[in-house]
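Visitor:
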Amino acid sequence: MLSPFSEDHELFRQQCRKFVEKELAPHAAEWEEKKDFPNKVFRRVGEMGYHGILIPEEYGGSGGGYLMASVWSEEMTRIGSGGVSAGLGMHGLIVLPAIAKFGTEEQKERFLIPGVQGEKIGALGLTESVAGTDLANIRSAARREGDHYILNGSKIFITNGTRADFVLVLCKTDPDAGYKGFSTLIVEKGMPGFSQGKPLEKLGWHAGDTAELTFENVVVPMVNRLGEEGMGFYNALANLEWERLMMALGTVYGAQLAFEKTKSYILQREAFGRPIAKFQVNRHKMVDMAVRIEASRQLNYYALRKLVNGEECAREVSMAKIFSAEIGEFVATNCLQLHGGYGYMREYEVERFFRDVRINSIGGGTSEILKEIVGRIMGL
Ligand SMILES: Cc1cc2nc3c(=O)[nH]c(=O)nc-3n(C[C@H](O)[C@H](O)[C@H](O)COP(=O)(O)OP(=O)(O)OC[C@H]3O[C@@H](n4cnc5c(N)ncnc54)[C@H](O)[C@@H]3O)c2cc1C
1 MLSPFSEDHE LFRQQCRKFV EKELAPHAAE WEEKKDFPNK VFRRVGEMGY HGILIPEEYG
61 GSGGGYLMAS VWSEEMTRIG SGGVSAGLGM HGLIVLPAIA KFGTEEQKER FLIPGVQGEK
121 IGALGLTESV AGTDLANIRS AARREGDHYI LNGSKIFITN GTRADFVLVL CKTDPDAGYK
181 GFSTLIVEKG MPGFSQGKPL EKLGWHAGDT AELTFENVVV PMVNRLGEEG MGFYNALANL
241 EWERLMMALG TVYGAQLAFE KTKSYILQRE AFGRPIAKFQ VNRHKMVDMA VRIEASRQLN
301 YYALRKLVNG EECAREVSMA KIFSAEIGEF VATNCLQLHG GYGYMREYEV ERFFRDVRIN
361 SIGGGTSEIL KEIVGRIMGL
């Protein structure tokens with residue numbers, strides 16, 4: 001199958017790769033250890049133009065589209081820190097496009113333009129302690145009072161949650177209106193009653209700030225409502241296919257990188273007088289991984305082509321995300337095993353990949369719920 005990427009995309013890939021390898025990857029171990037990375041990373045990525053790939057030129061973006069964004073998503077994997085790529089991806093490839101799509105001109109001035117520059121950092125607040133998969137069951141609610149809303153509730157597991165300058169918060173504005181009773185409010189850092197928790201301790205994504213947010217009688221001006229009142233639930237789902245595919249692309253690319261590092265390792269590590277790559281069992285392990293990585297990549301690119309062509313692709317994207325998450329874990333386990341005891345050590349990147357990859361069957365829609373989607377489409 002031909003690659004979905006043209007020569008221009010490949011040139012762009014070289015540029016992204018150079019930037020990531022020179023300016024971000026060398027700091028990954030330190031940021032992971034510190035469980036934090038500096039906000040200046042967002043500004044630097046903004047200077048490079050990568051937050052603006054999906055944003056029209058009039059707001060400082062490049063309007064590059066999903067293929068360029070896919071290249072950036074894949075190359076971000078080279079940072080070697082899922083926490084950093086998740087923070088950057090959430091801001092530039094999920095939050096900002098939502099503002100570009102649904103925002104007013106005033107909101108674009110206030111959040112999109114500085115967002116593209118990396119001067120303001122965004123987050124997306126959907127999940128709550130009582131509702132993740134069952135999103136319609138969220139409890140955060142806002143009532144209208146004159147020219148503002150009063151927001152109460154909380155969110156959990158929010159990427160960029162601690163550092164975010166603004167958060168797109170899904171809440172109920174009409175508890176009796178079913179799916180038409182949700183709205184999205186842009187809540188800003190420092191608004192009285194809005195608290196951003198400390199980063200939560202987690203298995204992987206150590207450098208990232210995944211946090212809890214609370215809203216106690218937060219006064220949110222009407223001008224901060226993103227999109228129409230009552231359309232919040234639909235708007236939250238509007239970009240879901242891209243968001244899921246973006247995760248799948250990163251997972252498989254990360255698996256490929258882990259595979260390549262492992263290949264180099266087993267070619268030089270010796271046991272019983274020969275490189276461990278020369279044992280048939282290990283060679284077969286490598287081929288088993290290569291087969292699955294290739295199959296998963298082609299499924300991702302098939303789904304990507306459909307998405308780019310504007311075709312219905314919920315089935316393909318769901319399949320791609322389910323499969324890539326499985327393959328990611330398969331590759332991580334096997335690569336770690338091939339590293340022996342060293343694979344278990346922090347010093348070796350395969351240990352981080354093993355921890356980071358686990359999120360992919362949970363975040364952005366669990367594999368179980370994606371199987372429900374595919375099953376429904378199949379008429380089951
Ligand atoms: C590191 C990290 C970062 C995140 N970042 C964000 C973010 O930025 N913004 C945000 O809003 N959220 C974020 N999330 C939340 C994430 O989207 C949710 O964790 C995810 O959607 C699952 O929801 P839950 O944790 O409530 O699990 P639950 O919904 O409680 O699910 C628990 C288990 O039950 C299964 N299950 C649920 N319903 C069904 C069903 N109908 N059929 C079969 N099985 C079912 C699930 O598949 C899962 O295995 C993040 C989570 C993590 C861990």
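Numbering (our numbering), first residue to last: 1 to 380.
Each residue gets a CB set at the ideal place from its N, CA and C atoms; glycine is no exception.
The structure displayed is predicted, hence computed values, not measured ones.
For the putative contact between G118 and F42, defined by C-beta atoms under 8 Å, what is the C-beta separation to the nearest angstrom?
Guide: Your pair G118 and F42 checks out as a contact, with CB atoms roughly 4 Å apart and the cut at 8 Å.
Visitor: With distances taken from CA atoms, which of A271, R144, T333 and V187 is nearest E349?
Guide: Minimum Cα distance to E349 is reached at T333.
Visitor: With which residues is M394 paired in a DSSP beta bridge?
Guide: Beyond the ends of the chain as shown, which are 1 and 380, falls residue 394; an answer cannot be given.
Visitor: Determine the closest residue to G227 out of L93, N239 and T104, with distance taken between C-alpha atoms.
Guide: T104
Visitor: If we call anything under 8 Å between Cβ atoms a contact, is I138 one with E145?
Guide: no
Visitor: CB-CB under 6 Å to G250, same chain, minus the five flanking residues each way: which ones, in chain order?
Guide: S73 and T77
Visitor: Compute the beta-carbon to beta-carbon distance between G153 and F215, rounded to the nearest angstrom, for a pair I have assumed lies under 8 Å.
Guide: 5 Å
Visitor: Taking the CB atoms as reference points, tell me whether I293 and A277 lie closer together than 8 Å.
Guide: no
Visitor: Compare the C-alpha of V317 against each of T366, T210, K180 and R17 and name the closest.
Guide: Ranked by Cα distance from V317, the first of T366, T210, K180 and R17 is T366.
Visitor: Report the rounded CA-to-CA distance for A177 versus E329, giving the unit in angstroms.
Guide: 41 Å
Visitor: Identify, in the order they occur along the chain, each residue of the same chain with its Cβ nearer than 7 Å to the Cβ of A271, setting aside the five sequence neighbours on each side.
Guide: none
Visitor: Do you know offhand how far I121's Cα is from M319's?
Guide: Approximately 31 Å, taken between the alpha carbons.
Visitor: Taking S361 as the reference, which of Q268, F279, V252 and E260 has the closest Cα?
Guide: V252
Visitor: Reducing DSSP to helix, strand and coil, say where H148 ends up.
Guide: strand
Visitor: Is A123 close to ligand 1? I mean its beta-carbon at under 7 Å from any heavy atom of the ligand.
Guide: At least one heavy atom of ligand 1 lies closer than 7 Å to the C-beta of A123.
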